[in-house]
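**Q** Before I ask anything, here is the structure I am working with.
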Amino acid sequence: MALALAILVLLPLGWLAATSLTTDNAPRELTFRHYHQLFVDRSFLEPFWVTLWTSVAVGLLCVAFAAPMAWLVSRTDLPAKRLLRMMILASFATPPFLGAFAWVLLGGPNAGLVNHWYYWITGFKPFEAESLVNIFSAWGIVFVTALYTFPYVFTFVATSLDHIPSDLEEASAILGAPAWRTAIDVTLPLALPALLAGFLVAFLQSMTLFGPAAILALPASIDTMTTRIWSLFQFPPKLGLAAAASLPLLLITVVLLRAQARIMGRRGFSVLGGKSTGQRLLRLGVWKPVALLPFAFVLSCSVLLPYGVLAWTAFVKNYSAPAAGNFTFDNWKFVFLEFSQTRLALTNTFLLGVSAATAGTLLATTIGYLSLRKLVWGHRWLSFLATAPVAIPGIVLAVGLFLAYTHAPLVLYGTLTIIFLAYLTKEMPVGYQQVASSLKSVHPELEDASRIFGATRLRALVDVTAPLIRNGVIATWMFIFIGSIRELSATILLFTARTKTVSVTMFDLRESNDWGPIAVLSLTMLAITFAMILAINFFNDRRVT
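Last residue of the sequence shown: 1890 in the working numbering, with the numbers rising by one and none dropped.
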């Protein structure tokens, strides 16, 4: 297990570090020239600055919207809470690059539907007045990325508030503090660790995503670090520079994840004086419609409008034309009957998803059992290696795998195997955490009782532990499958003409502005994703504890 994890995690990182310190030509020589270029070349400094400020902006925007929304859901009698949480889950489950595709259709400066509505209302014509929205900008990246990142902040803060009793807030109210003062002086400090952790996760997501930046920024000649690394692989490739540019992203990710773990680790509170009285919800009264406004805006921008425009585009000839005489099934016919790449892309996507989910589940279950039951020496290292890939951005992992498997003795580039390794490595932390959660719910004494009656450890595992964690293992398989079929950042550097996936095919269709087929493939991917999420909820609800 340790050898398998080392090959998955440490080998690509080793090649990444070695390549960043050597020249590209043969024979290779030690050099710091690549790092020197990173700090003096404007073509790297500007993308780094854009990446930094847009990621900070995404984090702040997520906090500004998600924190009040979490407070309203957790601490007030806001109506339709269950529906709102489901809508936020839909936003969370939507791949950000699909959201970027949708907002190109909505916010394109000329043909975007939002701008068309604006021209219709104001009476202006395109090119006669400046468009209301121009999604092809750095702020466009911030807006779209925040729409599909805010659920992290919402989940952290809402979960924190759900577990904080109302005693302290009630004491503040008894002493005469108004509701807003109580929220600032009492509730906010208690939820601050979760708020900071959510900000860091939103920052990291924005910094490491490739899809929104490539779809929205490249048309405006704006580079981020992920798109800059991708451009270094265009002919002629500059592998040393690509490796050197990847390592700062890795270092920042490790540092911020460590900070996030420390912040969340310090979260704690206790109520003195006996049992907690639980939570008492603040009554909004006539303010309920006002409280629903941020939900209406955010969920319209992240779910309703994007899903609506994708559905519209999939069934019309021209998405910006009037409805009369515009409906057609040609897009569906083209994608599933005429487009030669569809079958290959779907086959590759499902093959990779099933194989990565199966191998990842087996590996995560085995490592989880060995490490949590402390059956082997070095079990802590197994746990560390299983969770370490969470700190590796997808495009950085892709660079490392490319460098590790494009030369003898093991040449995997151009095969599905190298993409399989990328998915397996990237999704391992998710699988491990899910399996670990299931295993922690099964007390070791149940296995000990079985062994007292003469069963071997393997027999106890098969007859006692396995049935109890079965639903959790199935949910793990589905989580890894979902993460694999929607992956773009790691795939974009590793695919070839014969190993394209659905996400890469959609990215390629963007080059020719084939928005109808893109919409059809987007809806197909969303349907598969939500079907799997429903299955996950079904198995999690049936989990035996």
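Every residue, glycine too, gets a C-beta built ideally from N, C-alpha and C.
Since this is a predicted model, take the numbers as computed values, not measurements.
1. By DSSP's criteria, His-1752 is part of a beta bridge. Which residues make up the other side?
2. CB Thr-1368 to CB Met-1552, shorter than 8 Å?
3. Per DSSP, which residues does Thr-1367 bridge with? Please list them.
4. Just verifying my parser: in three-state terms, what is the DSSP assignment at Asn-1882?
5. Under the rule that 16 or more other beta-carbon atoms within 10 Å means buried, what is Glu-1475, buried or exposed?
6. Measure the C-alpha to C-alpha separation of Phe-1883 and Ile-1764 and round it to an integer number of angstroms.
7. Between Leu-1477 and the rest of its own chain, which residues show a CB-CB distance below 6 Å, the 5 nearest in sequence each way excluded?
8. Please report the distance separating the alpha-carbon of Phe-1410 from that of Ser-1728.
9. Please look up how many angstroms separate the CB atoms of Gly-1723 and Gln-1779, rounded, as I've assumed it's under 8 Å.
10. Which stretch, first to last residue, makes up the alpha helix (DSSP H) that contains Lys-1845?
11. Spell out the partners DSSP gives Phe-1672 in its beta bridges.
12. Helix, strand or coil for Leu-1561 per DSSP?
13. Drop a sphere of 10 angstroms on the beta-carbon of Ala-1794, count the other beta-carbons inside from all chains shown, and report buried for 16 or more, exposed for fewer.
14. How long is the line joining the alpha carbons of Ala-1351 and Leu-1730, rounded to whole angstroms?
15. Val-1889 to Ala-1503, Cα distance in whole Å?
16. Count the CB pairs spanning the segment 1675-1684 and the segment 1856-1869 that are closer than 8 Å, and state whether there are at least three.
17. With DSSP collapsed to three states, give me the class of Leu-1626.
18. How far does the alpha helix (DSSP H) with Tyr-1493 in it reach, from first residue to last?
19. Tell me which same chain residues have a C-beta within less than 6 Å of the C-beta of Lys-1620, skipping the five on either side of it?
20. How many Å lie between Leu-1383 and Val-1809 at the Cα?
21. Would Gln-1550 pass as a contact of Thr-1494 if the rule is Cβ separation under 8 Å?
22. So, under 8 Å CB-CB, Val-1849 and Met-1870 are touching, yes? Tell me the CB distance rounded to an integer number of Å.
23. Starting from Leu-1696, trace the alpha helix (DSSP H) both ways and give me its first and last residue.
24. Between which two residues does the alpha helix (DSSP H) carrying Ile-1352 extend?
25. From the DSSP output, in three-state form, read off Lys-1620 for me.
26. Which of helix, strand or coil does DSSP assign to Thr-1569?
27. Check each candidate in Arg-1378, Leu-1434, Met-1851, Arg-1815 and name the one with the smallest Cα separation from Ile-1830.
28. Cβ of Phe-1883 less than 8 Å from any chain B Cβ?
29. Does Ile-1819 pass the burial test, meaning 16 or more other C-beta atoms within 10 Å, or should it be called exposed?
30. What distance in whole Å lies between the Cβ atoms of Gly-1556 and Asn-1702, which are believed to be in contact at a cut-off of 8 Å?
31. Tell me whether the segment 1584-1601 and the segment 1509-1518 touch, counting them as touching only if at least three CB pairs, one residue from each stretch, are closer than 8 Å.
32. Taking buried to mean at least 16 other C-beta atoms within 10 Å of its own C-beta, is Met-1773 buried or exposed?
33. Work out the CA separation of Ala-1415 and Thr-1500 for me, nearest whole Å.
34. Alpha carbon to alpha carbon, how far is Glu-1515 from Trp-1632? Give it in angstroms, no decimals.
**A** Walking through what the data contain:
1. Counting from 1 along the sequence shown, the entry for residue 1752 is found at position 407. Answer is Leu-1755, bridged to His-1752.
2. As a working mapping, residue 1368 is identified with position 23 in the sequence shown. As a working mapping, residue 1552 is identified with position 207 in the sequence shown. No, these two residues do not count as a Cβ contact at 8 Å.
3. Counting from one through the sequence shown, the residue named residue 1367 turns up at place 22. DSSP, once it has assigned bridges, lists Leu-1375 as partnering Thr-1367.
4. Here residue 1882 corresponds to residue number 537 of the sequence shown, with the count starting at 1. Note: Asn-1882 maps to helix in three-state DSSP.
5. Taking the first residue of the sequence shown as 1, we reach residue 1475 at position 130. Exposed, since its Cβ has fewer than 16 Cβ neighbours within 10 Å.
6. In the sequence shown, the residue the question calls residue 1883 occupies position 538. In the sequence shown, the residue the question calls residue 1764 occupies position 419. Cα to Cα, the separation comes out at about 30 Å.
7. For this step, residue 1477 is matched to residue 132 along the sequence shown. The residues are Asn-1460, Tyr-1463.
8. Here the question's residue 1410 lines up with position 65 in the sequence shown. Here the question's residue 1728 lines up with position 383 in the sequence shown. Rounded to the nearest whole angstrom, the CA to CA distance from Phe-1410 to Ser-1728 is 35 Å.
9. Start at 1 with the first residue of the sequence shown, and residue 1723 comes out as number 378. Start at 1 with the first residue of the sequence shown, and residue 1779 comes out as number 434. In fact, because the Cβ distance is near 23 Å, the residues do not count as touching under 8 Å.
10. In the sequence shown, residue 1845 corresponds to position 500, counting from 1. First-last for Lys-1845: undefined, no H or E at that position.
11. Here residue 1672 refers to the residue found at position 327 when the sequence shown is read from its first residue. Note: Phe-1672 sits in a beta bridge opposite Val-1661.
12. Residue 1561 sits at position 216 when you count from the first residue of the sequence shown. In this structure, Leu-1561 counts as helix in the three-state DSSP scheme.
13. Stepping through the sequence shown from its first residue, residue 1794 is reached at position 449. It is exposed - the Cβ of Ala-1794 has fewer than 16 other Cβ atoms within 10 Å.
14. Reading the sequence shown from its first residue, position 6 is the one you call residue 1351. Reading the sequence shown from its first residue, position 385 is the one you call residue 1730. Approximately 7 Å between the Cα atoms of the pair.
15. Locating residue 1889 in the sequence shown gives position 544, counting from the first residue. Locating residue 1503 in the sequence shown gives position 158, counting from the first residue. Note that Val-1889 scores 46 on pLDDT, short of 50, meaning its location in the model is unreliable; the coordinates nonetheless yield the value given after this. Each residue's Cα considered, the two are about 26 Å apart.
16. Cβ pair count under 8 Å is three or more, so yes.
17. Here residue 1626 refers to the residue found at position 281 of the sequence shown. The answer is coil: DSSP assigns Leu-1626 none of H, G, I, E or B.
18. Locating residue 1493 in the sequence shown gives position 148, where the first residue counts as 1. Taken as a continuous stretch (DSSP letters only), Tyr-1493 belongs to no alpha helix (DSSP H), as it is neither H nor E.
19. On the sequence shown, residue 1620 is found 275 positions in, with the first residue counted as 1. Model confidence at Lys-1620 stands at a pLDDT of 48, short of 50, so the residue's coordinates are unreliable; what they give is reported in the following sentence. Hits under 6 Å: none found.
20. Indexing the sequence shown from 1 puts residue 1383 at position 38. Indexing the sequence shown from 1 puts residue 1809 at position 464. Their backbone Cα atoms lie some 56 Å apart in a straight line.
21. On the sequence shown, position 205 is the one that residue 1550 refers to. On the sequence shown, position 149 is the one that residue 1494 refers to. A contact, by the Cβ cut-off of 8 Å.
22. Sequence index remark: in the sequence shown, residue 1849 carries index 504 (1-based). Sequence index remark: in the sequence shown, residue 1870 carries index 525 (1-based). 12 Å between Cβ atoms; not a contact.
23. Taking the first residue of the sequence shown as 1, we reach residue 1696 at position 351. Counting along the chain, the alpha helix (DSSP H) containing Leu-1696 begins and ends at 1685-1717.
24. Walking along the sequence shown from the start, residue 1352 turns up at place 7. Here Ile-1352 belongs to no alpha helix (DSSP H), and DSSP marks it neither H nor E.
25. As a position in the sequence shown, residue 1620 is number 275, starting the count at 1. With a pLDDT of 48 at Lys-1620, under the threshold of 50, the predicted position of this residue should be treated as unreliable, and no value is reported.
26. For the purposes of this step, residue 1569 is identified with residue 224 of the sequence shown, where counting begins at 1. In this structure, Thr-1569 counts as coil in the three-state DSSP scheme.
27. Walking along the sequence shown from the start, residue 1830 turns up at place 485. Nearest of Arg-1378, Leu-1434, Met-1851, Arg-1815 to Ile-1830, Cα basis: Met-1851.
28. In the structure shown, chain B cannot be found, because there is only a single protein chain.
29. The residue given as residue 1819 occupies position 474 in the sequence shown. Flag for Ile-1819 reads buried.
30. The residue labelled residue 1702 in the question sits at position 357 within the sequence shown. The residue labelled residue 1556 in the question sits at position 211 within the sequence shown. Per the sequence shown, residue 1702 should be read as Ala rather than Asn. Cβ atoms of Ala-1702 and Gly-1556 stay farther apart than 8 Å, at about 21 Å.
31. no
32. Position 428 of the sequence shown, counting from 1, holds the residue named residue 1773. Looking at its Cβ environment, which holds 16 or more other Cβ atoms inside 10 Å, Met-1773 is buried.
33. The count along the sequence shown starts at 1 and reaches residue 1500 at position 155. The count along the sequence shown starts at 1 and reaches residue 1415 at position 70. Thr-1500 and Ala-1415: Cα-Cα distance of roughly 8 Å.
34. One-based indexing of the sequence shown puts residue 1632 at position 287. One-based indexing of the sequence shown puts residue 1515 at position 170. Roughly 20 Å between the two C-alpha positions.
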